[in-house]
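Chains as they are written, first to last, in this note's numbering: chain A, 16 to 270; chain B, 16 to 270; chain C, 16 to 270; chain D, 16 to 270.
The beta carbon of each residue, even a glycine, is placed where N, CA and C say it ideally should be.
There are 4 protein chains.
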Amino acid sequence: MIKPNTLVMLVSEKDKTYFRVVKEEGSLNTNEGMIEYRQILESNFGQQISTHLGKTFYLLKPTLYDLVKSVKRKTQIIYPKEIGYILLKLDIGPGKKVIEAGTGSGALTTALAFMVGEEGKVYSYEKRENFSQLAQENLKRANLQHRVEFFNQDIAEGFLQQDVDALFLDVRTPWDYLEHIFKAVKPGAPLGFLLPTTNQVITLLTHLENGPFYPPEVVEILLRRYKPVPERFRPQDQMVAHTGFLVFSRYIEKK
Amino acid sequence: MIKPNTLVMLVSEKDKTYFRVVKEEGSLNTNEGMIEYRQILESNFGQQISTHLGKTFYLLKPTLYDLVKSVKRKTQIIYPKEIGYILLKLDIGPGKKVIEAGTGSGALTTALAFMVGEEGKVYSYEKRENFSQLAQENLKRANLQHRVEFFNQDIAEGFLQQDVDALFLDVRTPWDYLEHIFKAVKPGAPLGFLLPTTNQVITLLTHLENGPFYPPEVVEILLRRYKPVPERFRPQDQMVAHTGFLVFSRYIEKK
Amino acid sequence: MIKPNTLVMLVSEKDKTYFRVVKEEGSLNTNEGMIEYRQILESNFGQQISTHLGKTFYLLKPTLYDLVKSVKRKTQIIYPKEIGYILLKLDIGPGKKVIEAGTGSGALTTALAFMVGEEGKVYSYEKRENFSQLAQENLKRANLQHRVEFFNQDIAEGFLQQDVDALFLDVRTPWDYLEHIFKAVKPGAPLGFLLPTTNQVITLLTHLENGPFYPPEVVEILLRRYKPVPERFRPQDQMVAHTGFLVFSRYIEKK
Amino acid sequence: MIKPNTLVMLVSEKDKTYFRVVKEEGSLNTNEGMIEYRQILESNFGQQISTHLGKTFYLLKPTLYDLVKSVKRKTQIIYPKEIGYILLKLDIGPGKKVIEAGTGSGALTTALAFMVGEEGKVYSYEKRENFSQLAQENLKRANLQHRVEFFNQDIAEGFLQQDVDALFLDVRTPWDYLEHIFKAVKPGAPLGFLLPTTNQVITLLTHLENGPFYPPEVVEILLRRYKPVPERFRPQDQMVAHTGFLVFSRYIEKK
């Protein structure tokens, strides 16, 4: 049985997806008919529910992938294909403390908060107040807001933390903030950057070369989807060709 | 100060990497000179160490990415680009219980064990004893072995667990084991599969269509590396073109 | 000076493109204003022309690329990225005789006719009359129709030619026509196939293995476009992810 | 029957390829045995020939693809995947006159000479004499040398032709020669450039913006090979990830 105030995902056979925090009263209205919240509370995840028009919906617990893809957004978000790789490169896991800037709509924030667990902490900086607000709503929806400290301020003033385990910058001119990084992270801490243009990568690489940084890695991650039809198995016609370049390095103490 | 029996990573300026569990006595011998373990124990992560020939090495704590890439292997391993995406799709995080088969060399096992934390558990099946042994050594090296239960047995006999949160199959004929999945996972649990050939994907899709499964997603993930030289920024000449197709679905209860 | 009845291409600064066979009288009407055909006839290729609203258009001779991209279409066309590679693999050049089926909208037909020159010949089969008609109009527009013989008939009856230099099949079940190929082409002739699904490629490969064919090559060609903005140089956001698989082989005589 | 002094291609069942200009006397010696030239002259293309050890070779007329791939090289060559696209964008076909620089090993030169036919002409510039010599040998081997005029000189001095139909530059700093282009090509002529690094593309785009040039197109072409095994159809493990960026534009007369 699903408890009230749980975030659920309902997917129709036509692959239309709805996310709802289920209350004791109310209903979900779709083009394929209506589902009473009471029906949902009396069901379990992994079951099928019928609308009043007899259409079938799958009742599912959103995965981290679903949470990230469904954040309400006013910005370009970081996609799961990049987020997964970032987690491994930045060594994010239970108990870790990590800084990110800017928060944006909170897609990466959601994944970081999910992975650091109750013992870890995410420090998320965003100078534009409306984005910071939006991200906080997204984290609240996912019930992960208590693992994040939001800072609605410019990182030009530096970071308020010390000795964090990792740091990720998704900002336009990350090279402007390199000196603040040293004060905020543990020596050897993994660092990540997302940049949409080659010009930005070139500028960042130039600054990283001045050290003290570990030789950087620059990658792009491409996701190719296939039509899941066994009789006509083939790639989809269109794909996302570019979200950004990922740059990874680590802060090294001078000798 | 680094404690004895810690796994450390030493990287030369020529990008040659060494992993060692540092003991109180002993040394690392490289083409660029020798480093005493005592030197390492007296240093901190993020520092630079000199060999007796005066060559510089970076002393680093391995990230999850480093752990995965450095597993001793007798099999093809699952790469970080796939592992990251699998974590998000399978909703792996602190406290989760997850089944995987086959264990192989333990690359994915390492990442799963890292992410489920002290409260979670990984159940890893492998019928070939030498691989199971190798994986256990790799997990021990990463100090994650206590989060994994290894089963050196064929999954044709089914899984010993019930109500696990997620399941991943990296086996040659996953369609042979679909009936066992229902008994092992929670309803709605996310499921993942890795398959190298289109023929296998076609066969799996045919079986999944018979249900009761959520409409599957089939993707490929491509990683493109760039030479990190700011004056001549360009993609690398060669790339890994194919590791496998990832298939994701979820177990849905029949009406 | 441009002669009447010439095919010209006019491109606005907003990158809107118009193709017209210019007559002695008449005009081109665009959202950015009107251009009299007389203006065009008094200009030369490579010049700029103004509409009556003062907007600039480039007057250009269409390249083969432009011709192919602008064929009027009722079918999926073969793209320039594939056509170029097909030309090299099939050894198409001045004087060559080549069979293709089906004609479709005539995109590949246009390229083949362009390349074989006045001494060569293209034999193009298409069983659906409306497509054959459309292709003939497209070839006429490009003034290449006299280099092509169109056959509005099913290739299940075989081909009418013998000793042609090369053959290309863009049909749904090419394996049904392999026996007809031997009678139509020179021994050793290069053969090409375009197939959208992996299932079709698998079936074709199975038939080719039965011989007598040269070991096949299977490739996919991906085109990645970049935004040509020097200050923000980056790949475009979306790309065509799949048009089809190209299979190449050669007919080998049995011993 | 094959005439003496013909270039032939012999491919073993193990996919080992040999190119030879067959003389009246002599032989081809391979690891799989010896084939007398007389045997070849008494055979036809598309036939199978046995070595004195009984191993089978396919006797084939090299296609343009084969010619390009087999040029003797001292430089990076332009690959067929790029060459095909260049031909369409530059409108190369029978009768066309085209300039290229640098000649390099002559791979693109071969394709251009093949396509312009007996009526066309290729003007190929290369300042390094050893490359120019090598390219001439490659063109001679393909019996296409009479369609090419080689210029062993620096294009800093400009081009000697006027009113050519198209021009391609594969040089390190193409922006240094833009002013020479105007004098050499017809107005509206298509222009192409190959550049390995993003920095070079950025610099070229900056110069092209100063005009008078048609808005440029920047693309990359990726070729993905598949293992042609019907029971295990899958992409190859490794691929060429980058050869260069292609930039296309057209020379437009100032108003």
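Quick one: give me the first and last residue of the beta strand (DSSP E) that MET24/B is part of. 21-27
With DSSP as the reference, please indicate the residues paired to GLY48/B in a beta bridge. THR45/B
C-beta atoms of VAL262/D and PRO231/D nearer than 8 Å: yes
Identify the contact partners of MET254/B in chain A, using a Cβ-Cβ distance below 8 Å as the criterion. Those do not exist, as MET254/B stays about 10 Å from chain A at its closest Cβ, beyond 8 Å.
Output needed for LEU274/B: all residues of its chain with C-beta closer than 6 Å, excluding positions within five of it in sequence on either side, in chain order. Nothing can be reported for residue 274/B, as the shown portion of chain B is limited to 16 through 270.
Compare the C-beta of GLU246/C with all C-beta atoms of chain A and state if any pair is closer than 8 Å. yes
Can you give the Cα-Cα distance for GLY259/D and ARG249/A, rounded to whole angstroms? 28 Å
Considering GLU133/D, what are the terminal residues of the beta strand (DSSP E) in which it resides? Run containing GLU133/D: none; DSSP gives neither H nor E here.
Is ILE236/D close to chain A, meaning its C-beta is less than 8 Å from at least one C-beta of that chain? no
At 3 residues or longer, and completely inside the segment 106-178 of chain D: list those beta strand (DSSP E) runs for me, N to C. 112-116, 136-140 and 163-166
Helix, strand or coil: which one does DSSP assign to PHE60/B? coil
Strictly under 8 Å for the Cβ-Cβ distance: is ARG88/D near chain B by that measure? no
With 9 Å as the C-beta to C-beta threshold (strictly closer), list the residues of the segment 194-221 of chain B near chain C in chain order. THR213, ASN214, VAL216 and ILE217
Continuous alpha helix (DSSP H) assignments of at least 4 residues falling wholly in the segment 61-107 of chain A: 79-84 and 95-104
Quick check on MET182/A - is its C-beta less than 8 Å from some C-beta in chain B? The sequence shown places Leu at residue 182/A, rather than the Met named in the question. Output row for LEU182/A: interface = no.
Using a 10 Å radius around the Cβ and a threshold of 16 neighbouring Cβ atoms, would you call PRO19/D buried or exposed? exposed
Cβ of PRO250/B less than 8 Å from any chain D Cβ? yes
Can you give me the Cβ contacts of ALA157/C inside the same chain, cut-off strictly under 7 Å, excluding the 5 residues immediately before and after it? LEU22, LEU82 and THR125
Backbone CA spacing between LEU74/C and LEU102/C [nearest angstrom]: 28 Å
Alpha helix (DSSP H) segment containing LYS198/A, residue limits: 193-199
For ARG53/C, return the contacting residues in chain A, with the cut-off set at a CB-CB distance below 8 Å. Correct list: empty, because the minimum Cβ distance to chain A is about 42 Å.
Out of LEU105/B, VAL37/B and VAL216/B, which has the shortest C-alpha to C-alpha gap to VAL179/B? LEU105/B
Which residues, in order along the segment 57-74 of chain C, keep a beta-carbon less than 7 Å from a beta-carbon of chain D? ASN59, PHE60, GLY61, GLN62, GLN63 and TYR73
Would you please verify whether the beta carbon of ARG239/C is less than 8 Å from any beta carbon of chain A? yes
Sequence-distant residues of its chain with Cβ nearer than 6 Å to PHE166/C (five each side left out): TYR140
Look at GLY119/C and ILE98/C and say whether their C-beta atoms are less than 8 Å apart. no
Is any beta-carbon of chain D found at less than 8 Å from that of ILE114/C? no
Cα-Cα separation, ILE236/A to VAL113/B: 26 Å
GLU115/B classed as buried or exposed, judged by whether at least 16 other C-beta atoms fall within 10 angstroms: buried
Give the DSSP-derived three-state secondary structure of ILE267/B in the structure shown. coil
Quickly, what does DSSP pair GLY207/B with across the bridge? List them, please. PHE183/B and PHE263/B
Would you call the CB atoms of GLY121/C and ASN145/C closer than 8 Å? no
Hey, is the segment 55-65 of chain D in contact with the segment 192-212 of chain D, meaning 3+ C-beta pairs nearer than 8 Å? no
Against chain C, does HIS161/A count as a neighbour if the rule is that its beta carbon must be under 8 Å from one of theirs? no
Classify ARG162/C: buried if its beta carbon has 16 or more other beta carbons within 10 angstroms, exposed otherwise. buried
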